[in-house]
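Some notes on the structure that comes next.
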Amino acid sequence: MKKIGIYYHPSFSRKSYMTVGNRLRDFPEALEPVLARPNVR
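Take the position in the sequence shown, starting the count at 1, then add 6; the result is the number in my numbering.
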């Protein structure tokens with residue numbers, strides 16, 4: 007499986023000019039099920 011990286015900074019969810027609207031409002035909580043997998047670090 008390919009390795010990928012996801013980079014996040016809390017300011018992305020608070021400042022709408024950095025993203026389109028509030029689309030990152032619940033990130034990184036939205037990834038908790040994925041991050042809980044044993045093959046994900």
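Heads up, the beta-carbon is just placed ideally off N, CA and C, and yes, glycines get one too.
All values reported here derive from a predicted model rather than from experimental measurement.
- Taking the CA atoms as reference points, M7 sits about 11 Å from V46.
- Distance from Y14 to F33 at the Cβ level is roughly 6 Å; contact confirmed, criterion being Cβ atoms closer than 8 Å.
- For E38, the enclosing alpha helix (DSSP H) stretches over residues E38 to L41.
- Straight-line measurement puts the Cα of P16 at about 17 Å from the Cα of L41.
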